[in-house]
Amino acid sequence: MAQAEGACPLATSRLELNLVRLLCRCESMAAEKRELNEWRLEKYVGALEDMLQALKVQASKPASEVISEYSRKVDFLKGMLQAEKLTSSSEKALANQFLAPGRVPTTARERVPATKTVHLQSRARYTSEMRSELLGMESSAELEMDMRKRVAKEPRSADEKQSASELDLVLQRHQGLQEKLAEEMLGLARSLKTNTLAAQSVIKKDNQTLSHSLKMADQNLEKLKMESERLEQHAQKSVNWLLWAMLIVVCFVFISMILFIRIMPRLK
């Protein structure tokens, strides 16, 4: 059993050791603030996918639970990179909502899985970006109102009035676009909340159904054991009665033959 450098968990092969080291590196890079043109993390995640596929077909591969946890973390990192490539912050928040971080810490020093920490950080960042966009729209609307008030107070000539009307038209269009964008963001936020509540409801119902199925399976198993014992006892009783009946018939036939020989006269 080899151990990775630092605090990486135990690994059963050289390939798994390299995978754990690279996974630790990717998680630490994902937790840091990166530049827009950063390409190393995406390349590392691609290498992780290749190593994971090789680990699955390896002869001395780890337990299925360990491989599932590795796959869960690699899928999370891949989904996080795809969410970062989206254009609007609302789409990023929606995509981030459906990511599933790891359940077990990758290193022995971690108390909470690093992917879960990264998930919370990205959620807070996208929420802050959405809030900033909404506040920016409100500030822009206030600026437009101030401009309109100033133009209304100043004396105008014919050209100025025409320019002011054109400016009002442009401002109205700009305000309409902002209102439409704000409505779309609010709709996405409502959709995100609805999808989250629906997913929670479905998961809760599935858990209840699973618990009920497990309970019914336990009850059926107990009934099956009881019926098997009763059937075994019944079979043993049937065999005993049949054996005694055969013995009685044999004895009766033997005694009947003796009596028949004694009673019937001998042939001369």
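So this note's numbering is basically just the index in the sequence shown, starting at one, shifted up by 196. Just so it is clear, CB atoms sit at the ideal spot from N, CA and C, and this is done for glycine as well.
Sequence-distant partners of LYS274 (beyond 5 residues in either direction) whose C-beta falls short of 6 Å from its own C-beta, in its chain, are VAL241.
For LYS257 against ILE263, the beta-carbon gap comes to about 7 Å, under 8 Å, which counts as contact. Per DSSP, reduced to three states, the secondary structure at ASN436 is helical.
Rounded to whole angstroms, the gap between the alpha carbons of GLU265 and GLU428 is 46 Å.
Secondary structure of THR303 (DSSP, three-state): coil. DSSP places GLY298 in the coil class of the three-state scheme, outside both helix and strand. Within the same chain, and ignoring the five residues on either side of THR392 in sequence, the residues whose Cβ sits closer than 7 Å to its Cβ are GLN293. When secondary structure is reduced to three states using DSSP, ASN214 falls in the helix class. Spanning the alpha carbons of ALA291 and GLU329 requires a straight line of approximately 18 Å.
When Cβ pairs closer than 8 Å are counted between the two stretches, the segment 215-226 is seen to touch the segment 241-253, the count reaching three or more. Annotation for VAL314: ALA226, ALA227 place their beta carbon closer than 6 Å to its own, counting only its chain and skipping 5 residues before and after.
If you look at GLU245, you'll find it in the alpha helix (DSSP H) that goes 236-252. The residue from HIS408, CYS220, TRP437 with its alpha-carbon nearest to that of GLY298 is CYS220. Distance from the Cα of GLU245 is smallest, within the candidate group LYS229, SER224, PHE272, for PHE272. When secondary structure is reduced to three states using DSSP, THR283 falls in the coil class, being assigned neither helix nor strand. Residue burial annotation: GLU280 is buried, with at least 16 other C-beta atoms found within 10 angstroms of its C-beta.
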